[in-house]
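These protein sequences, in sequence, are chains A and B.
If you're matching positions, the first sequence starts at 0 in numbering that gives the first Met the number 0 and goes up one per residue.
If you're matching positions, the second sequence starts at 0 in numbering that gives the first Met the number 0 and goes up one per residue.
The next block holds one structure in the form of C-alpha cells; read it before the comments.
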Amino acid sequence: MYAQMVETGVKQVKALDDMSPEERAFQEKVDAEIKIEPKNWMPDAYRKTLIRQVSQHAHSEIVGMLPEGNWVTRAPTFKRKLQLMAKIQDEAGHGLYLYSAMETLGADRDEEVEKLHSGRAKYSSIFNYPTLNWADMGAVGWLVDGAAIVNQVVLQRTSYGPYSRAMIRICKEESFHQRQGYEMLLTMMQQGNDAQKAMVQDAINRLWWPALMMFGPSDADSPNSAQSMAWKIKRHTNDELRQRFIDQTVPQLEILGCSAPDPDLKWNAERGHYDFGEIQWGEFFDVIKGNGPCNRERLETRRNAISDGTWVRQAAVAHANKKKQRAAA
Amino acid sequence: MSEWTLFEVFVRSKHGLNHKHVGSVHAADTDMALENARDLYTRRSEGVSLWIVPSNMITASATDEKEALFDPSDDKVYRHASFYKLPDEVGHM
Ligand SMILES: [Fe+2]
Ligand SMILES: [Fe+2]
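Pasting the structure below:
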C-alpha cells in the first residue's frame, strides 16, 4: 500500500514457546490488542520493520503531493484550486504526523529522508505515474485516496500506539479527499461536454491498474506478511484489501457512467465478489525498482526542494538566535 | 532539520477543556513552533488554544515501571465514594 513491501528480516514466525521471556510478554500484549508505546520493550526486528513501514508511508504522503501539485496553477476554477490546495496541504500534514510517529521509535527524520532521496527507501508505486489531464485530479482523489483509505482504516488498529493514533487522525481527513475527487468526476460526467467526459474515462483507464497495484504484490509473493500480521502492524493481506477496494469501487464506477479497462471485471455471485483480470506484476516491480514513468523526476524534485530550501532553514535559525540574544540583552 | 528543536504540541479543543497532547513539530524557535503547530494540528478548527513544549523538557515515567509506580494506589479502596455504604433513605450523596 503506501508501504507496499516492507522487509521484516524474519524468515519464520517464532512460536511463543521459542521466545525469550521479554519477547513472549511483548507478543502476548500484541495478541491481547494492548498497544505498544514508545518506552515499552520491543524486539529489535519489530522496531526496525516499523521504522521502514512508517517512513515508507510518510515518504508516500510527501511524494504524493507532487502529481497533484502539477495542477494547482491550472485548476479550472478558483473553487477547485482552493480544494486542491487544501487536499495537498493535508497530505503534507499526513507526512508530518507519520514522521513524528517514526521518531518515537528512535529514528532520525533527516536520516530517513536522506534514504528516500538517495533511492534507498521506497514509497508507493502509484506516485510515479504522471497526471496528464485535469480529470486525473478527480481520479487520484477517488481511486488513489480511496485505495489508501481501505488500507489506512485497518491500520488504525495497528499494534504501535503512535502509528495507530496518526492513522486515526489521517482517516478523519481522507474522506474529504475521496469525496472531492469523486464529485469532480461526477460534475464532469453530468455537466461536461464530450471532450470532458472523454478526459474522465482516459484518467480512469490510466490510473485503474496502478491503483490496484497500490495494495502490493499478491499474497503468494508477500513473504513478509506472516511476521507483520503476527506483530499486528499489518491486519489484512494485500489480496483481501485489494478485493475489498474493487468491491466497493465498481458500483461507484457505474454511477459515474464509466468503465474499467478490464474486460474480465464482473460480479461473481458465487463468491460474492467481483472477479478481475490479471495484474501486470512485471510493471509493478519495475516501478518499485525505480523505473516507472516519473521515479527520477519525483526524487529530483524532492532533492531540489531540500537543497533550494537550505538558506530558508539557515535564516530561520539565525533569526531565532538573534531574537534570543535580543531578549537576553 | 536536526538543528531545529522538537516540540510537543498540546491543543485545547474547546473552552473549559484541558489541553491534550496531539503530536510534535520541528521548529527553529517557539514562535515558529506555534505557527507550525497551528498549520499541522488545527486546520479544521480543532482548537482554541495551543501549548508547545520542547520535548527534552518533558520527564516521563517509564511505562514498564507501571506497577511499581501505580499499584500502591490500587489497594486504597477507601478513597472511593462507593466504599461507604449508606442506607437508601439518605438518598443521593
Ligand atoms: Fe494522505
Ligand atoms: Fe489523501
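Think of the CB as a built atom: it goes at the ideal place given N, C-alpha and C, for glycine as much as any other residue.
All values derive from a computational prediction rather than experimental measurement.
Based on DSSP bridge pairs, tell me the residues matched to residue i.
i, result
"residue 50 of chain B", "B:9"
"residue 267 of chain A", "A:272"
"residue 58 of chain B", "Answer is none; residue 58 of chain B lacks a bridge partner."
"residue 4 of chain B", "B:26"
What residues from chain A crowd round residue i, counting only those whose CB sits closer than 9 Å?
i, result
"residue 28 of chain B", "315, 316, 318, 319, 320, 322, 323"
"residue 42 of chain B", "85, 88, 89, 92, 172"
In three-state DSSP terms, what is residue i?
i, result
"residue 24 of chain B", "strand"
"residue 33 of chain A", "coil"
"residue 76 of chain A", "coil"
"residue 1 of chain A", "coil"
"residue 235 of chain A", "coil"
"residue 18 of chain B", "strand"
"residue 48 of chain A", "helix"
"residue 259 of chain A", "coil"
"residue 40 of chain B", "helix"
"residue 12 of chain A", "coil"
"residue 73 of chain B", "coil"
"residue 279 of chain A", "coil"
"residue 309 of chain A", "helix"
"residue 33 of chain B", "helix"
"residue 7 of chain A", "coil"
"residue 304 of chain A", "helix"
"residue 54 of chain A", "helix"
"residue 91 of chain B", "coil"
"residue 97 of chain A", "helix"
"residue 84 of chain B", "coil"
"residue 84 of chain A", "helix"
"residue 90 of chain A", "helix"
"residue 318 of chain A", "helix"
"residue 328 of chain A", "coil"
"residue 64 of chain A", "helix"
"residue 42 of chain A", "coil"
"residue 27 of chain A", "helix"
"residue 20 of chain A", "helix"
"residue 289 of chain A", "helix"
Name the chain B residues that come within less than 8 Å of residue i, Cβ to Cβ?
i, result
"residue 154 of chain A", "Neighbours of residue 154 of chain A on chain B: none; closest Cβ ~17 Å, over 8 Å."
Chain B partners of residue i, CB-CB under 7 Å?
i, result
"residue 96 of chain A", "22"
"residue 99 of chain A", "22, 23"
Starting from the beta carbon of residue i, find every residue of chain A whose beta carbon is closer than 8 Å, and list them in chain order.
i, result
"residue 61 of chain B", "38"
"residue 68 of chain B", "Those within 8 Å of residue 68 of chain B in chain A number zero; the least Cβ separation is about 12 Å."
"residue 31 of chain B", "315, 319"
Residue i versus chain A: which residues are under 7 Å apart at the beta carbon?
i, result
"residue 56 of chain B", "Ordered by position in chain A, no residue passes the 7 Å Cβ test against residue 56 of chain B, which lies about 16 Å from the chain."
"residue 2 of chain B", "316"
"residue 39 of chain B", "92, 95"
Can you list the alpha helix (DSSP H) stretches of 4 or more residues lying completely in the segment 149–232 of chain A, in chain order? 160–190, 193–212, 224–229
Alpha helix (DSSP H) segments (min. 4 residues) lying fully within the segment 102–153 of chain A: 108–116, 134–138
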